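Structure first, then comments.
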Amino acid sequence: MQQDLNILIVDDHPMTVNGYINVLSDEKFEGYNLVFTKALDCEEAYRLITESKEAGTAFDIAYLDLSLPPYPDKNIFSGFDLGLLIRNTLPDCIIIILTMHSESALVDRLIKEINPQGILCKSDIDIDEFLNAFKIVFENGDTYLSNKIVKSLKEKVFDNFKLDSYDKQILMRLSEGILTKNIPNYVPLSLSAIEKRKARMKNMLLQGKGGDDYELIEAIKKIGII
């Protein structure tokens with residue numbers, strides 16, 4: 077017997093909503109019957125979310141566009157506010173954010189306040205990528221971030237640690253296994269300048285504990301710089 081998978085899609089463009097539904101409907105998900113509910117603005121989405129909680133038919137997955145006609149009566153002005161509403165009322169619902177924007181401040185706020193299972197930049201994905209994101213989030217239980225979102229997060233990390241393009245080049249070369257003494261062949265800096273930069277990065281990223289190049293590379297991989 078198949079289990080219903082209740083999916084809410086909120087976007088103010090009807091053709092876009094229907095496109096998402098068609099992509100998912102064309103795929104077979106063994107053991108599940110996909111049930112879709114549409115909303116074109118914040119007011120309609122608010123009603124559907126609150127009614128689903130009251131009726132005990134909570135949504136399993138919610139796709140939320142960020143830019144939506146607002147619902148001022150309930151202080152719901154965007155998909156961001158809907159995401160907060162879902163987190164408070166339907167805590168088990170998987171949230172996937174759809175947005176045209178990938179600014180690091182926005183992405184950081186989304187992760188800190190909503191912690192969605194997926195963030196997709198609309199200009200960053202096609203049909204295959206949209207479907208792949210669904211499988212990664214739902215079937216594998218992993219988080220999915222599209223390429224521009226990942227890039228934005230990496231840039232924020234660089235900003236936080238005050239790393240510049242030369243630092244990034246040095247880290248990339250180290251991660252490729254190139255010895256420090258040979259990096260001047262790839263980066264237009266003197267060996268002395270490179271060693272000073274590397275020492276500064278080790279001090280910041282390894283929290284003053286010292287360490288070799290391998291530990292530095294492992295540290296930057298963990299925080300997503302490369």
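Numbering (my numbering), first residue to last: 77 to 302.
All C-beta atoms, glycine included, are put in the ideal place defined by N, C-alpha and C.
Just so you know, these numbers come straight off a predicted model, no measurement behind them.
Considering residue i, what are the terminal residues of the beta strand (DSSP E) in which it resides?
i              : result
asparagine 109 : 108-115
aspartate 184  : Counting along the chain, aspartate 184 falls outside any beta strand (DSSP E), though it belongs to the alpha helix (DSSP H) covering 180-189.
aspartate 141  : 137-141
arginine 83    : Contrary to the premise, residue 83 reads as isoleucine rather than arginine in this sequence. Looking at the DSSP string, the run of the beta strand (DSSP E) that includes isoleucine 83 is 79-86.
isoleucine 296 : Run containing isoleucine 296: none in the beta strand (DSSP E); it sits in the alpha helix (DSSP H), 289-298.
isoleucine 195 : 194-197
Is the separation between the beta-carbon of residue i and that of residue j shorter than 8 angstroms?
i              : j              : result
proline 145    : aspartate 117  : yes
valine 99      : isoleucine 203 : yes
leucine 265    : tyrosine 242   : yes
tyrosine 262   : arginine 249   : yes
isoleucine 201 : serine 178     : no
Could you tell me the alpha carbon to alpha carbon distance between residue i and residue j, rounded to whole angstroms?
i                 : j              : result
tyrosine 108      : leucine 140    : 22 angstroms
valine 86         : alanine 115    : 5 angstroms
glycine 159       : isoleucine 190 : 6 angstroms
aspartate 288     : lysine 238     : 21 angstroms
phenylalanine 206 : serine 199     : 11 angstroms
phenylalanine 210 : tyrosine 122   : 23 angstroms
serine 101        : asparagine 94  : 10 angstroms
glutamate 252     : isoleucine 259 : 11 angstroms
alanine 295       : threonine 256  : 17 angstroms
lysine 297        : serine 154     : 34 angstroms
glutamate 215     : asparagine 279 : 40 angstroms
glutamate 103     : isoleucine 212 : 14 angstroms
threonine 133     : asparagine 236 : 42 angstroms
valine 111        : aspartate 149  : 29 angstroms
Would you please verify whether the beta carbon of residue i is less than 8 angstroms from any beta carbon of chain D?
i             : result
methionine 91 : You won't find chain D in this structure, because it holds only one protein chain.
Whole-angstrom Cβ separation of residue i and residue j, contact assumed at under 8 angstroms?
i              : j              : result
aspartate 136  : leucine 81     : 5 angstroms
isoleucine 270 : isoleucine 246 : 6 angstroms
isoleucine 170 : glutamine 193  : 5 angstroms
tyrosine 147   : glutamate 119  : 4 angstroms
leucine 84     : threonine 113  : 5 angstroms
aspartate 157  : asparagine 151 : 7 angstroms
Which residues in the same chain have their Cβ closer than 7 angstroms to the Cβ of residue i, if we skip the five residues on either side of it in sequence?
i           : result
lysine 272  : none
valine 183  : Ile195, Ile225, Ser228 and Leu229
lysine 129  : Thr165 and Leu166
leucine 124 : Leu84, Thr113 and Ala115
lysine 232  : Ser180 and Asp184
What residue range does the alpha helix (DSSP H) around residue i cover?
i              : result
threonine 175  : Looking at the DSSP string, threonine 175 is not in any alpha helix (DSSP H); the run it does join, the beta strand (DSSP E), is 170-175.
tyrosine 242   : 241-251
asparagine 279 : 267-281
Ordered along the chain, which non-local residues of its own chain (more than five positions away) have a Cβ less than 8 angstroms from that of residue i?
i                 : result
leucine 186       : Phe156, Gly159, Ile173, Pro192 and Ile195
glutamine 79      : Gly107, Tyr108 and Asn109
phenylalanine 234 : Asp240, Asp243, Lys244 and Ile301
cysteine 197      : Thr175, Met176, His177, Ser178, Ser222, Asn223, Lys224 and Ile225
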